[in-house]
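Numbering (full-length UniProt numbering), first residue to last: 1 to 313.
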Amino acid sequence: MQDHSRRDVLKATAAGTATVALAGGTAVGAGLLGAGTASASSDGARGNVLEVPGAALYYETHGRGPLLLMIPGAGGTGDGFIEVTRYLAARYTVVLYDRRGFSRSQLRGAQDYAHHLATDADDARRLIEYLSSEPSFVFGSSDGAMVALEMLTLDPSRVCTFVPYEPPAVTLLPDGRAWLDFYSSLYDLYRRAGTAPAQQLFDERDLTPSDRASRPPAPPNGTPILVNQTYWFERELRQYPAFPLDLDALARSAGRLVLAVGSESGGLPAHESTVQLARRLGLAPVTVPGGHLGYLSQPAEFARRLIEILARA
Numbered sequence: 001m002q003d004h005s006r007r008d009v010l011k012a013t014a015a016g017t018a019t020v021a022l023a024g025g026t027a028v029g030a031g032l033l034g035a036g037t038a039s040a041s042s043d044g045a046r047g048n049v050l051e052v053p054g055a056a057l058y059y060e061t062h063g064r065g066p067l068l069l070m071i072p073g074a075g076g077t078g079d080g081f082i083e084v085t086r087y088l089a090a091r092y093t094v095v096l097y098d099r100r101g102f103s104r105s106q107l108r109g110a111q112d113y114a115h116h117l118a119t120d121a122d123d124a125r126r127l128i129e130y131l132s133s134e135p136s137f138v139f140g141s142s143d144g145a146m147v148a149l150e151m152l153t154l155d156p157s158r159v160c161t162f163v164p165y166e167p168p169a170v171t172l173l174p175d176g177r178a179w180l181d182f183y184s185s186l187y188d189l190y191r192r193a194g195t196a197p198a199q200q201l202f203d204e205r206d207l208t209p210s211d212r213a214s215r216p217p218a219p220p221n222g223t224p225i226l227v228n229q230t231y232w233f234e235r236e237l238r239q240y241p242a243f244p245l246d247l248d249a250l251a252r253s254a255g256r257l258v259l260a261v262g263s264e265s266g267g268l269p270a271h272e273s274t275v276q277l278a279r280r281l282g283l284a285p286v287t288v289p290g291g292h293l294g295y296l297s298q299p300a301e302f303a304r305r306l307i308e309i310l311a312r313a
């Protein structure tokens with residue numbers, strides 16, 4: 001991608017606008033990969049769009065059974081859950097979606113970024129209410145786990161069990177200020193040198209070797225990845241880890257909450273943040289296979305463990 005094109009993506013994403021023109025005439029931006037009509041996913045499931053205030057949410061349903069909403073983390077798209085969903089879909093109606101501003105979930109007009117996490121949580125609630133009249137399950141990974149926690153805080157009524165998997169709530173850590181400073185320095189690196197070096201440094205500090213090895217290679221046309229990374233660096237890298245969780249509200253709904261940590265990610269910030277959150281709420285975190293991205297590195301084992309957790313909740 002040419003340098004001037006990268007700058008255009010950054011400007012458009014930072015401003016919250018939807019579309020920029022890249023080299024070759026391709027139009028991309030925050031949430032620009034074809035939302036608005038039904039389409040086929042990589043495994044043949046049909047994709048649909050739900051209109052919500054300020055966005056059009058792309059989603060897919062897989063399997064049959066109680067509804068299980070999978071909230072993605074930093075990548076923002078449901079594609080990272082495809083492999084684990086192949087196993088979960090035997091028991092659940094698994095809902096995969098792109099969070100607003102990522103890939104196929106287009107933004108509609110100006111966004112209220114001062115309340116971005118609450119908006120993400122409301123989007124997830126609206127998906128559940130649209131797709132099921134029965135109590136549902138929610139699994140959220142990383143930033144998606146922060147969304148799940150905010151859902152639990154704001155309106156837990158439509159969900160019987162929330163499973164936040166390693167939310168990066170680093171303000172709960174003794175060295176939380178140092179981690180927030182690190183994420184601020186990463187943002188500065190991204191603005192100065194682009195997404196690639198900043199993403200590499202993030203991965204080195206926040207992910208396990210198995211996490212890094214399990215990530216799929218970037219497509220030949222890296223534009224969609226760049227757009228998603230840019231949106232995440234601008235809107236979530238610093239903001240979501242710094243978000244002050246409402247511990248009193250979470251404690252009131254602790255009976256619906258199962259906090260999960262990876263078996264290989266001990267010592268990393270999201271794992272330790274989850275341990276601290278569990279301690280504050282008087283809960284014992286459950287362990288799932290792998291590191292911070294166990295559903296990518298060990299999808300069959302991860303699905304088996306998640307099914308056990310949901311069955312016991």
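All residues carry an ideal CB built from backbone N, CA and C; glycine is no exception.
By alpha-carbon positions, which one of the options ends up nearest to residue i?
i, options, result
"VAL163", "HIS271, LEU247, TYR190, LEU257", "LEU257"
"ALA254", "GLY282, ALA196, HIS292", "GLY282"
"GLN239", "SER105, VAL138, ASP143", "ASP143"
"PRO209", "GLN106, ALA311, SER297", "SER297"
"GLU234", "LEU186, MET146, ALA278", "LEU186"
"ARG205", "PRO269, ALA89, VAL49", "PRO269"
"THR85", "LEU131, GLU308, VAL95", "VAL95"
"GLY101", "VAL288, LEU226, GLU272, LEU88", "LEU226"
"LEU127", "GLU166, VAL49, ALA198", "VAL49"
"GLY176", "GLN106, ALA114, THR274", "THR274"
"GLU134", "ASP246, THR230, LEU69, TYR190", "LEU69"
"ASP123", "PHE139, GLY109, ALA114, ARG99", "ARG99"
"PHE182", "PRO167, GLY194, ALA198", "ALA198"
"GLU166", "THR93, SER157, ILE71, LEU131", "ILE71"
"TYR130", "VAL261, GLU60, ILE82", "GLU60"
"HIS271", "GLY294, ARG252, LEU250, ALA251", "GLY294"
"residue 354", "PHE81, LEU57, TYR58, GLY65", "One cannot answer for residue 354 here, as it falls past the ends of the chain, which runs 1 to 313."
"PHE243", "ARG191, GLY291, LEU189, TYR113", "TYR113"
"VAL159", "ARG125, LEU189, ALA45", "ARG125"
"THR119", "LEU57, LEU172, GLY267, ALA45", "LEU57"
"GLY291", "ILE307, LEU245, ARG212, GLU308", "ARG212"
"GLY47", "TYR87, SER105, ARG192, LEU172", "SER105"
"ILE307", "TRP179, GLY65, SER265", "GLY65"
"SER132", "ALA169, TYR92, THR171", "TYR92"
"ARG252", "PHE139, ALA45, SER157, LEU67", "SER157"
"GLU51", "ALA169, PRO168, LEU67, GLY109", "GLY109"
"PRO174", "GLY76, LEU67, GLY267, ALA45", "GLY267"
May I ask you to check if the CB of residue i is nearer than 8 Å to at least one heavy atom of the ligand ADP?
i, result
"ALA124", "Although the ligand ADP was asked about, the structure shown includes no ligands whatsoever."
Given residue i, which residues of its chain have a CB within under 6 Å of its CB, disregarding the five upstream and five downstream residues?
i, result
"GLY73", "SER141, SER142, ASP143, GLY144"
"ALA121", "VAL147, GLU150, MET151, LEU154"
"TRP232", "ALA74"
"ALA249", "THR153"
"LEU247", "ARG280"
"residue 325", "Outside the shown range of the chain (1 to 313) lies residue 325, about which nothing can therefore be said."
Reducing DSSP to helix, strand and coil, say where residue i ends up.
i, result
"PRO209", "helix"
"PHE243", "coil"
"HIS62", "strand"
"LEU164", "Note that residue 164 corresponds to Pro in the displayed sequence, not to Leu. If DSSP states are grouped into helix, strand and coil, PRO164 belongs with the strands."
"GLY24", "Confidence at GLY24 is low in this model, with a pLDDT of 30, below 50, so the placement of that residue should be treated as unreliable; the coordinate-derived value is given next. GLY24: helix per DSSP, three-state reduction."
"VAL258", "coil"
"GLY194", "coil"
"THR287", "strand"
"GLY47", "strand"
"LEU281", "helix"
"LEU67", "strand"
"ALA169", "coil"
"LEU57", "strand"
To which residues of the same chain is residue i closer than 7 Å at the C-beta, ignoring the five residues directly before and after it?
i, result
"THR161", "PHE137, ARG256, VAL258, LEU310, ALA313"
"PHE202", "LEU186"
"PRO289", "SER263, GLN298, GLU301, PHE302, ARG305"
"ALA89", "HIS62, GLY63"
"THR195", "LEU226, GLN229, THR230, PHE233"
"ASP237", "As written in the sequence, residue 237 is Leu, which differs from the Asp given in the question. Within the same chain, LEU237 has close Cβ partners TYR183, LEU186, TYR187."
"GLY78", "GLU60, MET70, PRO72, LEU96, TYR97, ASP98"
"THR287", "VAL261, SER263"
"ALA178", "none"
With a threshold of 8 Å on Cβ separation, who are the neighbours of residue i within its own chain once the five nearest residues in sequence on each side are excluded?
i, result
"PRO285", "LEU259, ALA260, VAL261, THR274, VAL275, ALA278"
"GLU83", "TYR295, LEU296, PRO299"
"LEU117", "MET146, VAL147, GLU150, GLN239, TYR240, PHE243"
"ASP193", "Correcting the residue identity first, residue 193 is Ala in this sequence and not Asp. Answer for ALA193: no residue qualifies."
"LEU172", "LEU245, SER273, GLN276, LEU277, ARG280"
Would a check of beta-carbon distances place residue i closer than 9 Å to chain B?
i, result
"ASP123", "Here chain B cannot be found, since the structure has a single protein chain."
What are the start and end residues of each continuous beta strand (DSSP E) run of 3 or more residues lying completely inside the region 92–157, in chain order?
The qualifying runs are 93–97, 136–141.
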